[in-house]
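The next block holds one structure in the form of structure tokens; read it before the comments.
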Amino acid sequence: MKDVVNLAGLTEPELISFAETLGEPAYRGRQIFAAMQHRRLRSFDQMTDLPKAFREKLSEQATVATLTLESRYLSEDGTRRYLMKTNDNLPVETVFIPEERRDTICFSSQSGCPLQCTFCLTAQLGLLRSLSSGEIVEQIIFALNDAYGPGVKVPRGVNLVGMGAGEPFLNFDPLMKALRIMANPEGLFIVPNRVTISTAGIVPRIQELATIADRPHLAISLAAPTDELRDELMPINKRWPLEELLAACKEFEKSLKPGERFTFEYVMLDGINDSDQHARQLANLLNRHGLSAKVNLIPHNPADPLPYLPSHPERVESFKALLESKGIHAFVRQPRGRDIYAACGQLAARREKLILPQLDENRNQDRKAAFPI
Ligand code: SAH
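Here the sequence shown stands for residues 38 to 410, numbered as in the working numbering.
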């Protein structure tokens, strides 16, 4: 593969300079930017408003699309998972989640993930590599084209969540650049206010994010209310334990805009982190730090060989009620795309549909509700 520039990862001013280095006027750079980011074209051939000779020159040195689709999975609930490949053959997964009032695209920041959270299937891949800004932007272009039709105007608000494979804050600069590119009104025009980035708790980057004026929303994956348990479930906790993490969150609070709250995610693992005592510990932890955040409770998405089951739905409800009785806003997140390996923590380049564990009809009726598909 020869070394070509991926134009999908350039800002508009960078594209203008690029056009100028090829001896072209500045407006050619703006034209290419709009072709990629507004019309969502994925080849120079389609950019028929550019002179043919220029398109030929461009294709010798540059590309506008590096990701190729390997397969596409459609869930019974309408969620779509795209398994793509980088030009060096690494998996990249993106999920499109249709919702009643708006749609959400969940993108990946890395191929694989270096963190070793024991409940997450992506961890089993290890880190393959971080994705470039272009590879991040391309995922969104691809998903929009697939969901609405190539270049078709997006019919309603689209939200982005950086909750796919990888730890976004270990790929901070390319990620922030991708968000700047996507915010451009001449392009995709998806502003940071529509974007939420989730981190396992890379404290220095939480601090850095707080200093960025036009920043996305933040979500923090907690999974446990004590260091002892969190060390076990999310080994990154040994590097940045809960006290440090929550102190950084408290500091981050100062950068919140009116009405903005940040979110904690709490994956609910049957018999591991879902007792009343865990709920009390969690409420006390957040209250002790004076954090008026909300907590999203995510029933574990099971997959072989992960050694956990999702908490019983009644357990989740009791856990939620206990948090609420202590003044913490809690919400239960409904899993989406579980049957196609598209739900939280299930992105691991699986090439098949999910075979759900056999349920014992007689003994464990309520388990059925935990596996709604
Ligand atoms: N590395 C980042 C981004 C991934 S987001 C982070 O950890 O925040 C993925 C979210 O899904 C996290 O909140 C994680 O805790 C959650 N998750 C991971 N595996 C899961 C699983 N098997 N079931 C439910 N949620 C899971």
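Note that the Cβ used here is the ideal one computed from N, Cα and C, for glycine as well.
I'd like to confirm something about Val174: is its beta-carbon nearer than 8 Å to some heavy atom of the ligand SAH, or not? Relative to the ligand SAH, Val174 has its C-beta separated by 8 Å or more from all heavy atoms.
Counting only beta-carbon atoms, is Lys363 nearer than 9 Å to chain D? The structure shown contains no chain D; it is built from a single protein chain.
Determine the contact status of Gly171 and Thr103, defining contact as a CB-CB distance below 9 Å. Pairing Gly171 with Thr103 gives a Cβ-Cβ distance under 9 Å.
Quickly, what does DSSP pair Glu130 with across the bridge? List them, please. Partner(s): Leu120.
Let me check you understand the geometry: is the CB of Ser148 closer than 8 Å to at least one non-hydrogen atom of the ligand SAH? No, the ligand SAH has no heavy atom inside 8 Å of this Cβ.
Indicate whether Leu255 and Arg267 have their beta-carbon atoms separated by less than 9 Å. No, they are not a contact pair.
Just the Cα atoms here: how many angstroms apart are Asn230 and Leu197? Near 10 Å, if we compare the C-alpha coordinates of Leu197 and Asn230.
Going along the chain, which unbroken runs of the beta strand (DSSP E) with 3 or more residues stay wholly within the region 313-354? Runs of the beta strand (DSSP E) inside the region 313-354: 331-336.
Skipping 5 residues on each side, what residues in its chain have a beta carbon closer than 7 Å to that of Ile273? Excluding positions up to five away in sequence, the list reads Leu152, Ala237 and Gly238.
Does the count of Cβ pairs from the region 203-210 and the region 135-146 closer than 8 Å reach three? Contact holds: three or more Cβ-Cβ distances are below 8 Å.
Between the CA atoms of Leu334 and Gly224 - distance to the nearest angstrom: For Gly224 and Leu334, the distance between alpha carbons rounds to 35 Å.
Which listed residue (Ile178, Cys150 and Leu158) has its alpha carbon closest to that of Leu168: Between Leu168 and the set Ile178, Cys150 and Leu158, the nearest pair of CA atoms involves Cys150.
Proximity test, Cys154 beta-carbon vs the ligand SAH heavy atom, cut-off 8 Å: Result yes, Cβ under 8 Å from the ligand SAH.
Over the uninterrupted alpha helix (DSSP H) stretch that includes Leu111, give me the two end residues. Here Leu111 belongs to no alpha helix (DSSP H); instead the beta strand (DSSP E) covers Thr105 to Leu111.
Under a three-way DSSP split, which group does Ala260 fall into? Ala260 sits in coil when the DSSP states are folded into three classes, being neither helix nor strand.
Using the C-alpha atoms, what's the distance from Ser112 back to Asp376? For Asp376 and Ser112, the distance between alpha carbons rounds to 6 Å.
Quick one: what does DSSP say Leu225 is sitting in, helix, strand or coil? Leu225: coil per DSSP, three-state reduction.
CB-CB under 7 Å to Pro342, same chain, minus the five flanking residues each way: which ones, in chain order? Counting only Cβ-Cβ distances below 7 Å, and skipping sequence neighbours, we find nothing.
What are the start and end residues of each continuous beta strand (DSSP E) run of 3 or more residues lying completely inside the region 150-179, in chain order? Runs found: 164-167.
Only counting the same chain, and skipping five residues up and downstream in sequence, which positions put a Cβ closer than 6 Å to that of Ala215? Within the same chain, Ala215 has close Cβ partners Ser170, Ile173 and Val174.
CA nearest to the CA of Ala247, picked from Ala220, Leu212, Asn182 and Leu293: Closest in alpha carbon position to Ala247, among Ala220, Leu212, Asn182 and Leu293, is Leu293.
So, is Lys275 buried or exposed, given that buried needs 16 or more other C-beta atoms within 10 angstroms? A residue is called buried when at least 16 other Cβ atoms come within 10 angstroms of its Cβ; Lys275 does not meet this threshold and is exposed.
Rounded to the nearest angstrom, what separates Leu44 and Gln161 at their Cα positions? One Cα belongs to Leu44, the other to Gln161, and the distance between them is close to 32 Å.
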